[in-house]
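Numbering (our numbering), first residue to last: 81 to 482.
Here's the structure we're looking at; comments come further down.
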Amino acid sequence: MNMRKIITVAALLLVTGAGAFAQQALWGGQQIISPEINADNSVTFRFVAPKAIKVQVTGDFLPTTPMKMGDFSFDAPGMADLKEGQNGVWEYTTEPLESELYSYSFIVDGLSVKDPNNAYLQRDIASQTNYFIIGGGKADDYKVQDVPHGTVSRVWYHSDVLGKDRRMSVYTPAGYEDGKTKYPVLYLLHGMGGDEEAWLCTGRAAQVMDNLIASGRAKPMIVVMTNGNTLHQAAPGEDASGMYKPYNCGSFDTSFEAHFKDVISFVDSHYRTIKKSSARAIAGLSMGGGHSYQISLNYPKTFDYVGLFSAGIGIRQGDDSGYIAPDFYKNTYEKLDVLFANQPKLYYIAIGETDFLYKANEELRNHLDEKNYPYVYVETPGGHIWRNWRIYLVDFAQRLFK
Numbered sequence: 081m082n083m084r085k086i087i088t089v090a091a092l093l094l095v096t097g098a099g100a101f102a103q104q105a106l107w108g109g110q111q112i113i114s115p116e117i118n119a120d121n122s123v124t125f126r127f128v129a130p131k132a133i134k135v136q137v138t139g140d141f142l143p144t145t146p147m148k149m150g151d152f153s154f155d156a157p158g159m160a161d162l163k164e165g166q167n168g169v170w171e172y173t174t175e176p177l178e179s180e181l182y183s184y185s186f187i188v189d190g191l192s193v194k195d196p197n198n199a200y201l202q203r204d205i206a207s208q209t210n211y212f213i214i215g216g217g218k219a220d221d222y223k224v225q226d227v228p229h230g231t232v233s234r235v236w237y238h239s240d241v242l243g244k245d246r247r248m249s250v251y252t253p254a255g256y257e258d259g260k261t262k263y264p265v266l267y268l269l270h271g272m273g274g275d276e277e278a279w280l281c282t283g284r285a286a287q288v289m290d291n292l293i294a295s296g297r298a299k300p301m302i303v304v305m306t307n308g309n310t311l312h313q314a315a316p317g318e319d320a321s322g323m324y325k326p327y328n329c330g331s332f333d334t335s336f337e338a339h340f341k342d343v344i345s346f347v348d349s350h351y352r353t354i355k356k357s358s359a360r361a362i363a364g365l366s367m368g369g370g371h372s373y374q375i376s377l378n379y380p381k382t383f384d385y386v387g388l389f390s391a392g393i394g395i396r397q398g399d400d401s402g403y404i405a406p407d408f409y410k411n412t413y414e415k416l417d418v419l420f421a422n423q424p425k426l427y428y429i430a431i432g433e434t435d436f437l438y439k440a441n442e443e444l445r446n447h448l449d450e451k452n453y454p455y456v457y458v459e460t461p462g463g464h465i466w467r468n469w470r471i472y473l474v475d476f477a478q479r480l481f482k
């Protein structure tokens with residue numbers, strides 16, 4: 081065999097091999113539909129496991145189970161049994177579901193597994209779950225609609241306070257790149273264990289903003305999503321420390337709050353922003369709500385709009401003396417007096433009725449009531465869950481920069 085024939089055979093083998101792998105990716109999955117959204121908005125789940133003894137589905141569309149961890153109570157997702165049918169296909173159909181984004185996973189003989197027929201995954205800290213969306217209601221705001229779309233950029237900036245480069249995600253509204261308009265800014269903070277991807281992935285922030293702005297329900301704005309875990313530069317896989325495992329940690333040691341002026345300075349110098357308190361908002365969920373609370377108190381003339389979503393108020397770590405800014409968490413009620421003396425346009429508190437942080441937020445509301453300080457309060461069913469935080473984002477964003 082001459083050299084030309086050898087090269088041709090080798091090329092054919094490469095093509096054949098690549099095709100085989102491509103075919104494996106195309107056809108290697110289970111060839112069934114799951115989840116299937118039915119005409120009445122019930123949902124059918126299917127899983128092929130002919131040798132399994134028990135197959136279950138768990139997700140936030142099922143009735144919750146009360147759980148307790150230390151002093152905290154919370155609602156855990158329920159579970160439902162699938163029934164085995166022909167050819168080892170297990171199946172379960174829900175009751176009709178209301179419009180919402182739902183997450184789920186399967187449990188096969190005690191082992192949690194993802195749905196091999198559903199390519200759509202979301203990450204919350206270290207957990208990945210499949211999801212689906214029931215439209216026709218509030219969840220339409222979480223869908224990609226046929227509207228003008230904004231741009232999401234992953235941006236690196238330097239923090240002098242922390243002495244390191246860090247990454248944030250920045251949403252700019254449709255038309256930003258082609259115009260000269262200056263925009264207000266919403267700083268949107270995640271919860272403990274999250275990162276600069278959390279509001280985009282699980283919170284659907286880009287889809288929410290696209291849909292609200294396109295429909296005229298919200299003003300066009302820039303949305304800055306920071307990383308509140310000061311131990312790391314960025315989300316997992318994007319950090320110079322390597323491929324660390326995400327874990328439920330965060331910063332309640334003032335380091336994040338103390339460095340926040342670095343974030344604002346970078347945004348104002350790199351984007352077309354309106355550099356006024358009347359054009360700045362800060363909001364966050366859980367730990368990010370606690371950060372929003374403390375940042376607004378310590379920079380009382382910086383934000384005219386403050387949103388506390390299931391806020392981690394009063395949660396602290398360690399001895400204040402070791403903090404970057406040891407006075408940040410002190411004299412909070414005195415700082416509230418200063419903040420409200422500047423007459424913020426919106427002070428927004430939202431929480432689920434069974435949230436384990438309900439009491440701390442109630443204490444804050446009682447203090448505001450005693451002082452006759454104006455605020456907006458939203459209470460929803462359920463607890464410390466993304467379903468609530470998406471609702472709060474949709475509501476809060478429509479109240480901004482009016």
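Think of the CB as a built atom: it goes at the ideal place given N, C-alpha and C, for glycine as much as any other residue.
Take the Cβ of residue i as the centre, count every other Cβ of all protein chains shown within 10 Å, and call the residue buried at 16 or more, exposed below.
i, result
"Asp226", "exposed"
"Gly255", "exposed"
"Pro264", "buried"
"Thr261", "exposed"
"Ser321", "exposed"
"Gly300", "The sequence shown places Pro at residue 300, not Gly. Buried, by the Cβ-count rule."
"Arg126", "buried"
"Arg352", "exposed"
"Gly217", "exposed"
"Ala102", "Only weak support exists for where Ala102 lies, its pLDDT of 40 falling under 50; the value from the coordinates is given anyway. Exposed, since its Cβ has fewer than 16 Cβ neighbours within 10 Å."
"Met272", "buried"
"Gln287", "buried"
"Trp279", "buried"
"Glu276", "buried"
"Gln104", "For Gln104, the pLDDT reaches just 39, beneath the cut-off of 50, and the residue's location in the model is therefore unreliable, although a value from the coordinates is still provided. Exposed is the call here."
"Gly387", "buried"
"Ala477", "buried"
"Lys244", "exposed"
Figure out for me which residue from the options has the closest Cα to the Cα of residue i.
i, options, result
"Tyr457", "Ala156, Gly463 and Asp449", "Asp449"
"Thr145", "Gly463, Asn468 and Val474", "Gly463"
"Val137", "Gln374, Gly368, Gly230 and Ser192", "Ser192"
"Ile117", "Glu180, Glu442, Val135 and Arg479", "Glu180"
"Val224", "Leu292, Ala132, Ile354 and Pro157", "Leu292"
"Ile205", "Val232, Gly274 and Gln166", "Gly274"
"Lys485", "Gly283, Arg297 and Met289", "Given that the chain is displayed from residue 81 to residue 482, the structure contains no residue 485 and the question cannot be resolved."
"Asp342", "Pro143, Tyr267 and Ile431", "Tyr267"
"Ile465", "Asn411, Glu433 and Ala359", "Glu433"
"Ile187", "Ile213, Leu177, Met159 and Leu201", "Met159"
"Glu442", "Ile393, Ile404 and Glu171", "Ile393"
"Leu269", "Asp435, Tyr184, Gln374 and Thr306", "Thr306"
"Ala199", "Phe383, Ile112 and Thr310", "Ile112"
"Asn121", "Gly215, Asn446, Glu164 and Gly364", "Gly215"
"Pro380", "Arg360, Val418, Leu473 and Val304", "Val418"
"Lys425", "Ala285, His350, Ser249 and Ser376", "Ser376"
For the alpha helix (DSSP H) holding residue i, just list the boundary residues, first then last.
i, result
"Glu443", "Tyr438 to Lys451"
"Asn291", "Ala285 to Ala294"
"Ala278", "Ala278 to Cys281"
"Tyr472", "Trp466 to Gln478"
"Phe420", "Thr412 to Ala421"
From the DSSP output, read off the bridge partner residues of residue i.
i, result
"Phe127", "Trp170"
"Val386", "Ile362 and Tyr427"
"Ala156", "Thr145"
"Ile133", "BP columns for Ile133 are empty, so no partner."
"Gly432", "Thr460"
"Asp161", "Gln136"
"Ile117", "Val123"
How far does the beta strand (DSSP E) with residue i in it extend, from its first residue to its last?
i, result
"Tyr182", "Glu180 to Val188"
"Asp204", "Leu201 to Asp204"
"Asp211", "At residue 211 the sequence reads Tyr, which differs from the Asp that was named. Ser207 to Ile214 is the span of the beta strand (DSSP E), which, as asked, contains Tyr211."
"Leu191", "Leu191 to Val193"
"Ile302", "Ile302 to Met305"
| task | Pick out the complete beta strand (DSSP E) segments inside the segment 220-270, 3 residues or longer, and give them in chain order. | result | 231-239, 244-252 and 265-269
| field | Complete beta strand (DSSP E) runs within the segment 314-376 (minimum length 3 residues, chain order) | value | 360-365
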